[in-house]
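Position 89 of the sequence shown, counting from 1, maps to 179 under this note's numbering, and the rest follow consecutively. Just so you know, even glycine gets a beta-carbon here, dropped at the ideal spot from N, CA and C.
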Amino acid sequence: MQQDQCCSPRFKLKMLHRKTYHVKDLQGEIEAHTDIYHNLDENGQKILRSLESSDEAALLQRRLDNMNFKWSELRKKSLNIRSHLEASSDQWKRLHLSLQELLVWLQLKDDELNRQAPIGGDVPAVQKQNDVHRAFKRELKTKEPVIMSTLETVRVFLTEQPLEGLEKLYQEPRELPPEERAQNVTRLLRKQAEEVNTEWDKLNLHSADWQRKLDEALERLQKLQEAADELDLKLRQAEVIKGSWQPVGDLLIDSLQDHLEKVKVLRGETAPLKENVNQVNDLARQLTTLGIQLSPYTLSTLEDLNTRWKLLQVAVEDRVRQLHEAHRDFGPASQHFLSTSVQGPWERAISPNKVPYYIK
């Protein structure tokens, strides 16, 4: 547990700032000795002017010059170290936070994509899902340059940052070699960058897979809708004819045969509708097999088409039967036909040898 805490990004940032504060303390200590330095320099110059021996003066001058050089170098190095640490600290922190924000964004987008499921059960629903996902893909496209730029910046930072610079970014609570401390910084940023790259690829694959499912579902639902519309049209045409039928009892006896032939023609024309019905049902069954739950409207439409087809079949067969019976009972070969062919008081009959005659 302690080792995990020591390796956490928050702890490393804390150590990084602590190291920067130490450098600031060092610089403050240097500033506090400025007066001592100036006093030494001034006293040295006074002593130098009082010396009569050129050798002693030259030796003191060299010592003063050496002191001034070392003082100047110390101040310069202190400022350089502070500037370097602050710059490295700021950049490391920015990169770390940028990668963290990208990981959060990627997770949010993956959750958002999951919420787009399941696939709708009719064409309008899937078309709406397609529009939503199209906007989602535009967001990914807009974010792509930001992600690629951040990953490239991390790569360049890790490539160009020397080990001696990286190892100063933070300190471990236990003594570690500078190389190991530098490797920890490198490993942390590289791990985050790899996670961002992996999650980005996964999100794009997830999006592409969802788009493929939407496209397949939309294509199948459109086929189902087209087949249902075609069947509906043919059923309507047959239902118009059925709706024009007169009751068999109201038909003229001489027209029974003609009506019977017309109904048989309709029966022949509607028989192929069975294939249309089967096609619609098969397409619906395929969608269900793919895990697509058809909408209540679609299910209602399918039930309506199947019911109308069955009712049409029953109506046609009933019509044929009724016309057959009427033709048998009231047609030319029936005695009813003989009694209704003439006006009273005349009656018509047929002799045993099939010759008709009239009686009064």
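In the assembly as shown, Ser-188 is a buried residue. Its beta-carbon has 16 or more other beta-carbons within 10 Å.
Per DSSP, the unbroken alpha helix (DSSP H) holding Gly-358 starts and ends at 346-360. Val-367 and Ala-318 have their C-alpha atoms roughly 8 Å apart. Inclusion of Lys-332 and Ile-209 in the CB contact set at 8 Å is not warranted, their separation being larger than that value. If you draw a straight line from the Cα of Thr-378 to the Cα of Val-370, it is about 13 Å long. Contact between the stretch 357-366 and the stretch 308-315 is absent: fewer than three C-beta pairs spanning the two stretches fall below 8 Å. Between the beta-carbon of Leu-395 and that of Asp-322 there is about 6 Å, and that keeps the pair under the 8 Å contact cut. About 6 Å separates the CB atoms of Gln-181 and Phe-247; that is less than 8 Å, so the two are in contact.
In the three-state reduction of the DSSP assignment, Ala-207 falls in the coil class. By the C-beta criterion, the stretch 277-284 is judged to be in contact with the stretch 185-201, since at least 3 inter-stretch pairs fall below 8 Å. A check of alpha carbon separations from Val-244 across His-186, Arg-357, Val-353 and Tyr-387 identifies His-186 as the nearest. In this structure, DSSP gives Asp-212 a state outside helix and strand, which the three-state scheme calls coil.
For Leu-380, the secondary structure class from DSSP, reduced to helix, strand or coil, is coil. Spanning the alpha carbons of Arg-418 and Arg-411 requires a straight line of approximately 11 Å. In this structure, the straight-line span from the alpha carbon of Arg-357 to that of Glu-316 is close to 24 Å. Distance from the CA atom of Thr-288 to the CA atom of Thr-249, rounded to whole angstroms, is 21 Å. Contact check for Gln-206 against His-223 passes: the beta carbons are separated by less than 8 Å.
Distances from the alpha-carbon of Asp-408 to those of Leu-350, Pro-386 and Gln-383 put Leu-350 closest.
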